[in-house]
Amino acid sequence: MTFSSYCKESNRSMHEGTSFVISNLILNLFWVITANIVLENRYSKLLTIVLEFSIISFVYFILLERLFPIFSIIKLLIGSFLVGFLIHYFHTDKPAFKIITVILILFATAISDVTLQAMLPKEQIISGEIFRNNGTFVYSVYLFLNFIFLTAVALSLRRYKRKNIGLLENRQWVLFLLFPLSQLLSIYIWLPSYLYISEKTPSHIIFMICADIIADIALLYMFYRTASNAELRARSEMLEDQIKSQESYYNQLVSTHTDIRRMRHDIDNHLYTIRALVDSGNTKDAVEYADKVIEEDHIHILFPDCRNTVAASYLEKKTEDLKKNGITLNADIHLPANLDISNPDLICIYGNILDNAAEACSGTENASIDLKTNYKQPYLTISCTNPAQNKADKKKRRFAGMDRGVGLTILDHLADQYDGELTAGMDQGVYHTSIILKTKEIANV
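When we follow numbering that gives the first Met the number 0, the leftmost residue of the sequence shown carries the number 0, and every step to the right adds one.
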């Protein structure tokens with residue numbers, strides 16, 4: 000019997016019976032549920048699951064399974080394209096993340112296929128005897144393997160999405176996609192050779208599975224580290240702004256200190272003049288002179304209730320920058336001098352919130368940002384509201400090579416770091432951002 004005949008005979012043996020039909024429908028449902036756990040939906044979750052399940056089941060079971068043998072690259076490519084198209088249409092995440100989701104879902108099923116082959120006698124697989132005599136058991140084991148691997152995929156992708164989405168460049172996504180894609184193609188090209196030609200034992204399959212899984216785990220770890228480095232780069236760029244702001248602030252302090260010394264030098268003369276006017280009965284002139292002195296020597300403080308000099312200097316510089324761009328910052332900042340939150344983290348929070356707000360409200364009429372900070376032991380709350388356009392135009396990225404929205408990812412990390420919470424969303428043309436951080440010690444106010 001030729002290799003092609005073996006494949007056709009095995010295809011007929013495996014693709015018959017109620018167990019085969021039910022197991023395929025359940026597997027399709029597993030795929031759809033995994034995608035809907037990981038990705039955001041364009042329509043309601045229930046409607047999306049029903050439509051995706053119906054289309055995939057029809058095309059896979061009615062068309063592809065009937066037209067192509069079990070080991071067919073054409074079938075794999077058509078099926079992968081179908082799943083990818085449906086996920087792209089019904090879900091709203093970034094294209095690169097949707098593609099990686101499709102590939103890892105199919106890869107999980109491929110690993111399940113290979114694992115099942117290693118568990119079953121090769122001769123009974125080729126003859127189809129094991130499917131005729133123990134079909135229900137075999138397909139149950141196959142579904143269980145898919146459940147385990149797809150659960151791992153769903154949990155890994157959800158964790159990555161929450162922690163690192165937006166931190167990587169497109170070329171890094173492409174490089175990452177090539178690895179599991181090549182594994183997927185290699186498995187489906189190699190598997191029929193193992194069944195019908197190769198003399199290798201199941202132990203070789205187990206070794207290959209372990210090698211693939213370990214390689215993917217290592218790649219995911221490297222991916223995570225790359226995302227972490229990207230976040231550090233974004234933070235360092237914000238810290239450069241902090242340093243410039245502090246330099247400007249301290250220059251202002253030096254100037255203010257010089258003014259105060261001058262005022263102390265002149266104060267005796269002012270008091271002497273006022274006393275002389277009062278003694279001579281020129282009370283009105285004394286009052287006018289005092290008002291003039293007060294007006295000339297008045298020092299305006301933007302954030303009188305912000306006792307953290309680093310935060311105050313950064314916010315003053317940010318206020319000037321926003322004003323240059325036609326945006327008004329209305330700030331009510333109540334911040335103690337000593338808080339168990341590092342200054343770099345505070346700057347990252349203020350910087351990301353204000354940059355996101357400035358980007359959202361640019362181009363709106365009377366663009367303004369309302370920023371509030373309150374500390375009530377042990378919680379620090381920073382909230383921001385600003386007008387925003389419902390449909391965002393294409394704008395320059397804040398950090399080169401990173402997706403827009405990376406600021407919210409950094410804020411989410413900081414909220415987790417301080418056992419807090421981040422909320423952000425649009426409501427009737429107004430964008431709200433709020434972050435709550437829990438301090439570990441009592442602030443020295």
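Glycine residues also receive a C-beta, built at the ideal position from the N, C-alpha and C atoms. Please read all numbers here as calculations on a predicted model, not as lab measurements.
Asked	Found
With the cut-off set at 8 Å, would you say residue 366 and residue 406 are in Cβ contact?	no
With DSSP as the reference, please indicate the residues paired to residue 425 in a beta bridge.	430
Distance check for residue 156 and residue 383, CA to CA, integer angstroms please.	30 Å
Given that a residue counts as buried once 16 or more other Cβ atoms are within 10 Å of its Cβ, and exposed if not, what is residue 428?	exposed
Please return the same chain residues whose Cβ sits closer than 6 Å to the Cβ of residue 305, not counting the five positions on each side in sequence.	311, 332 and 334
Determine whether the beta carbon atoms of residue 348 and residue 356 lie at a separation below 8 Å.	no
Under three-state DSSP, which class holds residue 438?	coil
Closest to residue 103 by CA distance: which of 149, 225 and 85 is it?	149
What first and last residue would you give for the beta strand (DSSP E) that runs through residue 382?	378-386
Measure the alpha-carbon distance for residue 34 versus residue 210 and round it to whole angstroms.	26 Å
According to DSSP, simplified to helix, strand and coil, what is residue 18?	helix
On the DSSP letters alone, give me the boundaries of the alpha helix (DSSP H) that residue 313 sits inside.	308-323
Note down, in chain order, each residue of its chain lying with its Cβ closer than 8 Å to the Cβ of residue 393, except the 5 sequence neighbours on either side.	Confidence at residue 393 is low in this model, with a pLDDT of 46, below 50, so its placement is unreliable and no value can be given for it.
Near residue 27, which residues of its chain fall below 7 Å by C-beta distance, leaving aside the five closest residues on each side in sequence?	52, 55, 56 and 59
What did DSSP end up calling residue 334 once you bin it into helix, strand or coil?	strand
Based on the DSSP secondary-structure assignment, which residues constitute the bridge partners of residue 374?	379
Following the continuous alpha helix (DSSP H) through residue 58, name the residue where it begins and the one where it ends.	That residue, residue 58, is in no alpha helix (DSSP H); it is neither H nor E in DSSP.
Any idea what DSSP makes of residue 420, helix, strand or coil?	strand
Whose C-beta lies closer than 8 Å to the C-beta of residue 318 among residues of the same chain, with five residues either side of it excluded?	301, 328 and 330
In three-state DSSP terms, what is residue 361?	coil
Residues in its own chain within less than 7 Å of residue 424 by CB, not counting five upstream and five downstream?	431
Which residues in the same chain have their Cβ closer than 6 Å to the Cβ of residue 87, if we skip the five residues on either side of it in sequence?	97
For residue 112, report the span of its alpha helix (DSSP H) as first-last.	94-118
Taking a contact to mean a Cβ-Cβ separation below 8 Å, would you say residue 175 touches residue 99 in this structure?	yes
Between 216, 313, 291 and 29, which lies nearest to residue 141 when the distance is taken from Cα to Cα?	29
State the DSSP-derived secondary structure class of residue 368, mapped to helix, strand or coil.	strand
Just to confirm before moving on: does the CB-CB distance between residue 208 and residue 129 stay below 8 Å?	no
Name the DSSP bridge partner or partners of residue 327?	367
Could you pull the DSSP bridge partners for residue 90 from this structure?	40
Going by other Cβ atoms of all chains shown within 10 Å of its Cβ, with 16 needed for buried, is residue 275 buried or exposed?	exposed
Among the candidates 278, 270, 308 and 303, whose CA atom is the shortest distance from the CA of residue 291?	270
Can you name, in chain order, every residue of its own chain whose Cβ lies under 7 Å from the Cβ of residue 371, other than the five neighbours on each side?	331 and 382
Between residue 435 and residue 410, which are expected to be in contact by the criterion C-beta below 8 Å, what is the C-beta distance as a whole number of angstroms?	That belief does not hold up - the Cβ atoms of residue 435 and residue 410 are roughly 11 Å apart, past 8 Å.
Relative to the C-alpha of residue 223, which candidate in 277, 158, 284 and 287 has its C-alpha closest?	158
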